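Asker:
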Amino acid sequence: MAVKVVFVLCLLLWQLYVVPCAGQEPVDLSAFQPQSALTDMEFVSVSSYRGPGNTDTRRNKELPILLWWSGNLFPHFPGDTERVDCARSSCLVTRNRKVQLHRRTTSIIFYGTDFRAYEAPLPRLAHQTWALFHEESPMNNYLLSHGPGIRLFNYTATFRRESDYPLTLQWLPSLNYLLQPTSVSLEEKNSWRKAGLAPVLYMQSHCDVPSDRDRYVRELMKYIQVDSYGKCLNNKPLPDYLEDTSTATGEDQRFMSFVARYKFHLALENGLCPDYMTEKLWRPMHQGCVPIYKGSSSVGDWLPNKHSAILLDDFASPQELAKFIMDLDNDDSRYLQYLEYKTPSKITNLRLLEGLQNREWGINDMSKPNYLNGFECFVCDRENERLTAEKKHRREPDKYPEPQTKMANNTHMGCPLPSPAYGVIEEIDPNDGWLQMWPQDYWQSLDQAKGLVSLIHHNESDPGRLWQHIHRMAVNRNSQ
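If you use mature numbering (1 follows the signal peptide of the UniProt record, and there is no 0), the sequence shown corresponds to residues -23 to -1, 1 to 457, in order.
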């Protein structure tokens, strides 16, 4: 009986405290325990490219963890977890949200389009930083264009040159992309013009966007012929072989040849913001057509030279712009000046040349990481630097100052309130779809940013309480 009691006590101790009894070998309990969120991470063996300055010899279970909150953007396939060996250090990266509250999870990476205040990972832990990747249109999330929203993040990768990891030239694959010879000669374009083709092409199927571009084009059409093939302001059908949407909006060679016949392309972004430039600008230039551009107010900082695009904002009215285009359409020598950048020596913008040469990421360039993996490694190296600095400070606070918390600011996004593309807002019909949507969305996004800040300051763990905080702020604002 006594032996049985001792055995039971020994078994209880073994189960509860993992203490081996006398005369017994220690037992590895991992086989009998449910897997933790970190189990798979501890045994990851696949490593990525190791930078020449990376001497990190730590085991996986010693590395900081970066959590991709937007799992669909996780830049590793097919697994959920990976070790990355970057330029100066290494990390574990995962899309497994179960590690959100783990002490080794030092940074959470968000995709701006998917970031929602009412789904934020709360409570926000003091030892964790937040990183933002947002290369898409400002219209996708205006919360990020307000100070309270962008200041939630410690690291940023956006289209703004001021961000920590700029993606400004993301839609320009290389200098050679601009230098490609024109696919349709000026003589051929003039022949198409005589055959009845309009001088200006407009092809958009995303209507009622913040930039309000259709309102401007509608007015422009009163003064110059514009062939519009998309769903927005459509006045001409696409050829049957281009009716497929995926073909008509991609770089299918038949599509490219079709639109290259036009001398001028209306290149109007769906959202307006400094440095936000997409294929709408670069693709016409690649083809040897002249873009009529509106989008980034700082686009002139990136154009190959001073005569490579027509900037809509340089004209007081659509009528004035139409007259300029018609004059250029009838003057071949002046028109060809807008294509001089096709000659390498005519690309005089050093900022453009240096930006393409010095960017840390590449497009279809095997010598550089893509921008997702590149930003991931940027965050990894910065987090390891931060952790090292904090460790030094804890050990010798008199010798090493406490590291300062890095915070993004409005220059990392900071896109303006949507405004009418033509006319003034006071003259727009109150029932206008654009008016009812985009200005309101902009200001409601500010409320949500402030609400999330309030959730964090109150150490809330339920992001669903966002609406209560917004309501409380509105009541306080109205009572003042």
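Glycine is no exception: its CB is placed at the ideal position from the N, C-alpha and C atoms.
The structure displayed is predicted, hence computed values, not measured ones.
#1: So, helix, strand or coil for Lys271, using DSSP?
#2: Please state the DSSP three-state secondary structure of Glu256.
#3: Count the other CB atoms, across all protein chains shown, that sit within 10 Å of the CB of Glu360; report buried if there are 16 or more and exposed otherwise.
#4: State the Cα-Cα distance for the pair Val161 and Gln264, rounded to the nearest angstrom.
#5: Who pairs with Ala134 in a beta bridge, going by DSSP?
#6: Would you mind giving the Cβ-Cβ distance between Tyr88 and Ala108, rounded to the nearest angstrom? I have them listed as a contact below 8 Å.
#7: How many whole angstroms separate the CB atoms of Leu245 and Gly272, which I take to be in contact at a CB cut-off of 8 Å?
#8: Would you give the residue range spanned by the alpha helix (DSSP H) that Tyr154 belongs to?
#9: Could you pull out every residue in the same chain whose Cβ sits closer than 6 Å to the Cβ of Tyr179, ignoring the five residues on either side in sequence?
#10: Nearest CA to the CA of Arg336: which residue from Pro321, Lys323 and Phe355?
#11: Within a Cβ cutoff of 8 Å, which residues of the same chain sit near Met384, ignoring the five residues on either side of it in sequence?
#12: Give the straight-line distance between the Cα atoms of Glu437 and Ala97, rounded to the nearest whole angstrom.
#13: In or out: Gly441 buried (at least 16 other Cβ within 10 Å) or exposed?
#14: Taking just the CA atoms, how far does Met450 sit from Ser84?
#15: When you compare only the Cα positions, how much space is there between Asp221 and Gln77?
#16: Classify Glu59 as helix, strand or coil using the three-state DSSP reduction.
#17: Between the stretch 26 to 45 and the stretch 62 to 79, are three or more C-beta pairs nearer than 8 Å?
#18: If you measure between the beta carbons of Gly126 and Ala366, is that distance less than 7 Å?
#19: Which one or two residues does DSSP pair with Ser285 in a beta bridge?
#20: As a quick exercise: from Glu379, Ser122, Leu152 and His53, pick the residue whose alpha carbon is nearest that of Tyr318.
#21: Using the rule of at least 16 other Cβ atoms within 10 Å of the residue's Cβ for burial, across every protein chain shown, is His448 buried or exposed?
#22: Quick one: grab the DSSP three-state call for Ser84.
#23: For Ser114, which residues in the same chain have their Cβ closer than 6 Å to its Cβ, ignoring the five residues on either side in sequence?
#24: Please specify which runs of the beta strand (DSSP E), each continuous and at least 3 residues long, are wholly inside the stretch 153 to 229, giving them in chain order.
#25: Would you say Arg328 and Asp291 are within 7 Å of each other, going by their C-beta atoms?
#26: Just grab the DSSP bridge partners of Ser47 for me.
Answerer: Considering the structure as presented:
#1: strand
#2: helix
#3: buried
#4: 8 Å
#5: Phe110
#6: At roughly 10 Å, the Cβ-Cβ gap does not stay under 8 Å, so Tyr88 and Ala108 are not in contact.
#7: 7 Å
#8: Leu152 to Leu156
#9: Val194, Val203, Ser205 and Leu243
#10: Phe355
#11: Arg128, Phe130 and Asn131
#12: 11 Å
#13: exposed
#14: 29 Å
#15: 43 Å
#16: strand
#17: yes
#18: no
#19: Ser285 pairs with nothing; no bridge assigned.
#20: Leu152
#21: exposed
#22: strand
#23: Asn247 and Gly248
#24: 177 to 179 and 203 to 205
#25: no
#26: Answer by DSSP bridge pairing: none, since Ser47 is not bridged.
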